[in-house]
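2 protein chains.
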Amino acid sequence: MSEVLKREARICQPILDLPGSRIRVVTRASADIPDMIKLWFGEGDEPTPEFIREGAKAALDRGETFYAANRGIPPLMKAIHDYMLRAYGAEIGPDRIVTTASGMNAIMITVQCLIEPGDSAVVIGPIWPNGRSAIRAMGGEPRDVFLQPQEDGRWTLDMQQLFDACDDTTRLIMINSPGNPTGWVASAEELKTILDFARERGIWILSDEVYGRIIYGPATHAPSYYTLAQPEDPVVIINSFSKSWSMTGWRLGWIVAPPRLCAAVEKMTEFNISHPTTFVQWGGVTALNDGDAYIEGLVERYERAADLVYQALAPLPRVRLAKPEGAFYAFFSLDGVTDSLQTCIDLARKARVGMAPGIAFGPAGEGRIRLCYAASLPKLSEAMERLIPHLK
Amino acid sequence: MSEVLKREARICQPILDLPGSRIRVVTRASADIPDMIKLWFGEGDEPTPEFIREGAKAALDRGETFYAANRGIPPLMKAIHDYMLRAYGAEIGPDRIVTTASGMNAIMITVQCLIEPGDSAVVIGPIWPNGRSAIRAMGGEPRDVFLQPQEDGRWTLDMQQLFDACDDTTRLIMINSPGNPTGWVASAEELKTILDFARERGIWILSDEVYGRIIYGPATHAPSYYTLAQPEDPVVIINSFSKSWSMTGWRLGWIVAPPRLCAAVEKMTEFNISHPTTFVQWGGVTALNDGDAYIEGLVERYERAADLVYQALAPLPRVRLAKPEGAFYAFFSLDGVTDSLQTCIDLARKARVGMAPGIAFGPAGEGRIRLCYAASLPKLSEAMERLIPHLK
Chain A
1 MSEVLKREAR ICQPILDLPG SRIRVVTRAS ADIPDMIKLW FGEGDEPTPE
51 FIREGAKAAL DRGETFYAAN RGIPPLMKAI HDYMLRAYGA EIGPDRIVTT
101 ASGMNAIMIT VQCLIEPGDS AVVIGPIWPN GRSAIRAMGG EPRDVFLQPQ
151 EDGRWTLDMQ QLFDACDDTT RLIMINSPGN PTGWVASAEE LKTILDFARE
201 RGIWILSDEV YGRIIYGPAT HAPSYYTLAQ PEDPVVIINS FSKSWSMTGW
251 RLGWIVAPPR LCAAVEKMTE FNISHPTTFV QWGGVTALND GDAYIEGLVE
301 RYERAADLVY QALAPLPRVR LAKPEGAFYA FFSLDGVTDS LQTCIDLARK
351 ARVGMAPGIA FGPAGEGRIR LCYAASLPKL SEAMERLIPH LK
Chain B
1 MSEVLKREAR ICQPILDLPG SRIRVVTRAS ADIPDMIKLW FGEGDEPTPE
51 FIREGAKAAL DRGETFYAAN RGIPPLMKAI HDYMLRAYGA EIGPDRIVTT
101 ASGMNAIMIT VQCLIEPGDS AVVIGPIWPN GRSAIRAMGG EPRDVFLQPQ
151 EDGRWTLDMQ QLFDACDDTT RLIMINSPGN PTGWVASAEE LKTILDFARE
201 RGIWILSDEV YGRIIYGPAT HAPSYYTLAQ PEDPVVIINS FSKSWSMTGW
251 RLGWIVAPPR LCAAVEKMTE FNISHPTTFV QWGGVTALND GDAYIEGLVE
301 RYERAADLVY QALAPLPRVR LAKPEGAFYA FFSLDGVTDS LQTCIDLARK
351 ARVGMAPGIA FGPAGEGRIR LCYAASLPKL SEAMERLIPH LK
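Here it is, written out as structure tokens:
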């Protein structure tokens, strides 16, 4: 402390106590390794398609650089409406939509509106950890309910366990399907059962559906609250342009929620970011209006990538891995691993393949490793060649 | 409530209780008026200069569309450092800098780190209301200390009143100089006096310096904590690209704070927005590195605009207005006005000039009107012609 400083000003202890990202621990420990194949973050290895970038550039040329409405520019509101109707068959009006600066921003603002100190939120894990952190940052208590790993590597939800975790302090159930890191896809029946419970108990469902279009097989989207929830139901659906349109760096997403919650989210958007970047929203308009074929091609590519990784890793005796049903992660267990963080650091050094430790996604993730296969097939083949000797 | 919904899920009452923008009340009430001159928002009427837009477009062409570090891309961190050194003579290292998605976002994340329920924050007003709302949203109690209007229209700070408003619950003093809406510019001595108090008491200063370069006369920047604060001092300086580089719609800003607070802000950035849009940050690099001449021209233009408005309004018997020293607002009192919101709605309809009601900036703003003169001189002349008959 400097001489002039008499008394240290306080930073909130719950904020200081929030854990940092364990994935970043691996990336920092591996910063000096040359020629790494980086499969640790949840993003593809190709930039945003050119037609979307051109949409944003044209907006810049037109001078779309002014303040915009909190809810989003009208053409984006319309494009989001049209997209949900076209892709999901869901008719959702503008009083139920707010655009956000990413899925993360959507989660944080929603949690600001719904969680106060003393409240609890039940989180279905293993899950991307940031939602839990948003709950903690607002003074709430996240309660884990873990999916159960089955013999074949798939995950299942014990519904009774979920309901038993909720009590009078519970404001929110957080669900992510298709799931990061598990690839778990909730069935329409499961979503309906949770919705019936939420209606009965007055508990919000925060449904993170950012991987909703990235699903393999004949379906073109995962079961979704877009179609299952009524306008007044206690359901907040999070979406993002990051995954389906390869726009991670753009920070753009949207919320669908009941009108009364959208009014609160709109107000809190003003006090958080005011609105997503104006010309970025125009990129979003282009993505939604002209991007259907791009998504189709992307999902085909990811399905081939999933096959390649599954064929390479599943036969290894130490590995347990189910064929992914959605999202773009292989979340495999590795016999004998009790410290996935150290294992990932070791594998990065020895195999020069960067992956995310299972512990980053909660205690139920320990013993596992997450590999993001949203990469080109040659790169993935090379990664498999490097990895396999070290997984035997 | 729909038939299936048994119990309404709760939205946090403090969030529901937050007031919406009174400026938006005027804009909504005036939506049907044709040919309005809109001087109600705090932004210029010209788009971002082309060279900055080209910087972002080039980044889009290079495929700068991926996730980035929470603190900001290294070239932007360096450009911010270089700018503060060049413009303020302040040597501030990267451990004291975090980029944010606007000044508003910077304030919200700072408040998340510093304010818990039961804490108070002293706010020097009249002031842009969103900082108060961020404090309330985090469960804190904003306490107003109002600048005193002098006979000549200028504002002064009663230092004892400020100190008396602080007690053991006080975590934060919020100050905005040059001030929106007042145009008040704190002297270096005043800033130092507040700093000494903050050091003694362990209270943070949140110094919103987004208008720091928009100051009239020989100085090229307002007195600033960039030069007055030591690295470990309890000072958070908010800056933004919105005002000095005409980048309101871009949502880009930065924080300067002690390293220990920057570490917390960096972590909370992950849980709020992850990082500002990647190619937007490249636009920021261009703005900072190549924008010095632009700022110089902008301030000259705003000074001429300030003169024009001052010459037109100050002589009117009902008006009291000091010549603005900084920022880009005329915040004039109008004899006989007790309801500035209704007055602004009336003036919008009768004079077709859109302005912001003083009450939007706190009770001490009642009886006043804020006119943003960041507009072209012909437009301002026309606005004066329309307004003057109604202010007599």
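Chains as they are written, first to last, in UniProt numbering: chain A, 1 to 392; chain B, 1 to 392.
The beta carbon of each residue, even a glycine, is placed where N, CA and C say it ideally should be.
Quiz item: Is it right to say residue 4 of chain A is buried, meaning 16 or more other beta carbons lie within 10 angstroms of its own, or is it exposed?
Solution: Residue numbering aside, residue 4 of chain A sits at position 4 when the first sequence is read from its first letter. By the neighbour-count rule (16 or more Cβ atoms within 10 Å), residue 4 of chain A is not buried but exposed.
Quiz prompt | 8 Å contact criterion, which residue 236 of chain A and residue 255 of chain A should meet: CB distance rounded | solution = Indexing the first sequence from 1 puts residue 236 of chain A at position 236. Indexing the first sequence from 1 puts residue 255 of chain A at position 255. For a cut-off of 8 Å, the C-beta gap from residue 236 of chain A to residue 255 of chain A is around 6 Å, short enough to register as a contact.
Quiz item: In angstroms, rounded to a whole number, what distance separates the CA positions of residue 343 of chain A and residue 240 of chain B?
Solution: Here residue 343 of chain A corresponds to residue number 343 of the first sequence, with the count starting at 1. Here residue 240 of chain B corresponds to residue number 240 of the second sequence, with the count starting at 1. Cα atoms of residue 343 of chain A and residue 240 of chain B: separation of roughly 42 Å, rounded to the nearest angstrom.
Exercise. Check the Cβ of residue 57 of chain A against every Cβ in chain B and list those closer than 7 Å, keeping chain order.
Key: Along the first sequence, one-based indexing puts residue 57 of chain A at 57. Those are 57, 60, listed as they occur along chain B.
Quiz item: When we look at the beta-carbon of residue 275 of chain B and count the other beta-carbons within 10 Å, is it buried (16 or more) or exposed?
Solution: As a position in the second sequence, residue 275 of chain B is number 275, starting the count at 1. Buried, because 16 or more other Cβ atoms sit within 10 Å of the Cβ of residue 275 of chain B.
Quiz item: Cβ of residue 37 of chain B versus every heavy atom of the ligand ZN: is any distance shorter than 7 Å?
Solution: Although the ligand ZN was asked about, the structure shown includes no ligands whatsoever.
Quiz item: Considering only C-alpha positions, which residue in the set B:62, B:119, B:22 is nearest to residue 168 of chain B?
Solution: Your numbering for residue 168 of chain B matches position 168 in the second sequence. For residue 168 of chain B, the nearest C-alpha among the options comes from B:119.
Exercise. Could you tell me the distance, in whole angstroms, from the CA atom of residue 376 of chain A to the CA atom of residue 61 of chain B?
Key: Your numbering for residue 376 of chain A matches position 376 in the first sequence. Your numbering for residue 61 of chain B matches position 61 in the second sequence. The alpha-carbon atoms of residue 376 of chain A and residue 61 of chain B are separated by roughly 21 Å.
Quiz prompt | Any beta strand (DSSP E) of 3 or more consecutive residues that is wholly inside the region 190 to 277 of chain B | solution = Runs of the beta strand (DSSP E) lying entirely within the region 190 to 277 of chain B and spanning at least 3 residues, in chain order: 204 to 208, 235 to 240, 253 to 256.
Quiz item: Curious, which full-length beta strand (DSSP E) runs of at least 3 residues does the region 97 to 143 of chain B contain?
Solution: If one requires a minimum length of 3 residues, the beta strand (DSSP E) runs lying completely within the region 97 to 143 of chain B are 97 to 100, 120 to 125, in chain order.
Exercise. Could you round the C-beta distance between residue 302 of chain B and residue 371 of chain B to whole angstroms and report it? I think they count as a contact, below 8 Å.
Key: Locating residue 302 of chain B in the second sequence gives position 302, counting from the first residue. Locating residue 371 of chain B in the second sequence gives position 371, counting from the first residue. About 13 Å separates the two Cβ atoms, so there is no contact after all.
Self-check item: Residue closest to residue 189 of chain B, alpha-carbon to alpha-carbon, out of B:360, B:223, B:13
Solution: Here residue 189 of chain B is taken as the residue at index 189 of the second sequence, counted from 1. That would be B:223, whose Cα lies nearest to the Cα of residue 189 of chain B.
Quiz item: DSSP puts residue 156 of chain A in a beta bridge; with which residues?
Solution: Reading the first sequence from its first residue, position 156 is the one you call residue 156 of chain A. According to DSSP, which records beta bridges pairwise, residue 156 of chain A is partnered with A:148.
Exercise. Compute the distance between the beta-carbons of residue 399 of chain A and residue 244 of chain A, then report whether it is under 8 Å.
Key: Examination of residue 399 of chain A is not possible in this model, given that chain A is present from 1 through 392 alone.
Practice problem: Report the three-state DSSP secondary structure of residue 370 of chain B (helix, strand or coil). | Solution: On the second sequence, position 370 is the one that residue 370 of chain B refers to. Note: residue 370 of chain B maps to strand in three-state DSSP.
Quiz item: Using Cβ-Cβ distances below 7 Å, what residues of the region 222 to 252 of chain A are close to chain B?
Solution: Hits within the stretch, in order: 230, 232, 233, 234, 247, 248, 249, 250, 251.
Quiz prompt | Neighbourhood of residue 338 of chain B by C-beta distance below 8 Å, restricted to the same chain and skipping five residues each side | solution = Mapped onto the second sequence, residue 338 of chain B falls at position 338. Excluding sequence positions up to five before and after residue 338 of chain B, its CB lies within less than 8 Å of the CB of 366, 367, all in the same chain and listed in chain order.
Quiz item: Who are the neighbours of residue 66 of chain A on chain B, taking C-beta pairs under 8 Å?
Solution: Translated into positions along the first sequence, residue 66 of chain A becomes position 66. Correct list: 43, 47, 248, 249.
Quiz item: Looking at the C-beta of residue 74 of chain B, does it have a partner C-beta in chain A at a distance below 8 Å?
Solution: For the purposes of this step, residue 74 of chain B is identified with residue 74 of the second sequence, where counting begins at 1. Among the CB atoms of chain A, none fall inside 8 Å of the CB of residue 74 of chain B.
Practice problem: Mind reading off the beta-carbon distance from residue 140 of chain B to residue 107 of chain B? Whole number of angstroms is fine, and I expect it under 8 Å. | Solution: Looking up residue 140 of chain B in the second sequence gives position 140. Looking up residue 107 of chain B in the second sequence gives position 107. Actually they do not touch by this definition, with Cβ atoms about 12 Å apart.
Exercise. Check the Cβ of residue 165 of chain B against every Cβ in chain A and list those closer than 8 Å, keeping chain order.
Key: Taking the first residue of the second sequence as 1, we reach residue 165 of chain B at position 165. Within chain A, no C-beta atom comes less than 8 Å from the C-beta of residue 165 of chain B; the nearest is roughly 17 Å away.
Exercise. Step through the CB atoms of chain D and report whether any lies within less than 8 Å of the CB of residue 40 of chain B.
Key: Absent here is chain D; the protein component of the structure consists of chains A and B.
Practice problem: Compile a chain-ordered list of the residues in the region 102 to 127 of chain A whose CB is closer than 8 Å to at least one CB of chain B. | Solution: Answer in chain order: 102, 104, 105, 108, 112, 113, 114, 115, 116, 117.
Quiz item: Taking a cut of 8 Å between CB atoms, which residues from the region 5 to 17 of chain A lie near chain B?
Solution: Correct list: 5, 6, 7, 8, 9, 10, 11, 12, 14, 15, 16.
Exercise. Examine chain A for any beta-carbon lying closer than 8 Å to the beta-carbon of residue 173 of chain B, and answer yes or no.
Key: Counted from its first residue, the second sequence places residue 173 of chain B at position 173. At least 8 Å separates the CB of residue 173 of chain B from every CB of chain A.
Self-check item: Coarse secondary structure for residue 170 of chain A, derived from DSSP in three states
Solution: Start at 1 with the first residue of the first sequence, and residue 170 of chain A comes out as number 170. Of the three classes helix, strand and coil, the one that applies to residue 170 of chain A here is strand, per DSSP.
Quiz item: When we look at the beta-carbon of residue 64 of chain A and count the other beta-carbons within 10 Å, is it buried (16 or more) or exposed?
Solution: Taking the first residue of the first sequence as 1, we reach residue 64 of chain A at position 64. By the 10 Å Cβ count, residue 64 of chain A comes out buried.
Quiz item: What number of angstroms, rounded off, separates the C-alpha of residue 74 of chain B from the C-alpha of residue 17 of chain A?
Solution: In the second sequence, the residue the question calls residue 74 of chain B occupies position 74. In the first sequence, the residue the question calls residue 17 of chain A occupies position 17. Rounded to the nearest angstrom, the two C-alpha atoms are 27 Å apart.
Quiz item: Quick one: does residue 264 of chain A have its CB under 8 Å from some CB of chain B?
Solution: As a working mapping, residue 264 of chain A is identified with position 264 in the first sequence. For residue 264 of chain A, the answer is yes, since a Cβ of chain B falls inside 8 Å of its Cβ.
Quiz item: According to the neighbour-count rule (16 or more other Cβ atoms, all chains shown, within 10 Å of its Cβ), is residue 156 of chain A buried or exposed?
Solution: By 1-based counting over the first sequence, the position of residue 156 of chain A is 156. The residue is exposed, with fewer than 16 neighbouring Cβ atoms inside 10 Å.
Self-check item: Top-ranked residue by Cα proximity to residue 273 of chain B, from A:183, A:292, A:103, A:115
Solution: For the purposes of this step, residue 273 of chain B is identified with residue 273 of the second sequence, where counting begins at 1. The shortest Cα separation from residue 273 of chain B among A:183, A:292, A:103, A:115 belongs to A:103.
Practice problem: Determine, using beta carbons only, whether residue 274 of chain A comes closer than 8 Å to chain B. | Solution: On the first sequence, residue 274 of chain A is found 274 positions in, with the first residue counted as 1. Cβ-Cβ to chain B under 8 Å: yes for residue 274 of chain A.
Practice problem: Taking a Cβ distance cut-off of 8 Å, strictly less, list which residues of the region 133 to 158 of chain B are near chain A, in chain order. | Solution: Within the region 133 to 158 of chain B, 133, 134, 137, 139 place their CB atoms closer than 8 Å to a CB of chain A, listed in sequence order.
Quiz item: Counting Cβ pairs, one atom from each stretch, are 3 or more of them under 8 Å apart for the region 279 to 296 of chain B and the region 42 to 60 of chain B?
Solution: Remark: three or more beta-carbon pairs, one from each stretch, lie closer than 8 Å, so the region 279 to 296 of chain B and the region 42 to 60 of chain B are flagged as touching.
Quiz item: Using 8 Å as the threshold, is the region 373 to 391 of chain B in touch with the region 42 to 53 of chain B, meaning 3 or more CB pairs across them?
Solution: Judged by Cβ distances under 8 Å, the region 373 to 391 of chain B makes contact with the region 42 to 53 of chain B, as three or more pairs qualify.
Quiz item: In the DSSP assignment, what are the bridge partners of residue 376 of chain B?
Solution: In the second sequence, residue 376 of chain B corresponds to position 376, counting from 1. DSSP lists no partner for residue 376 of chain B.
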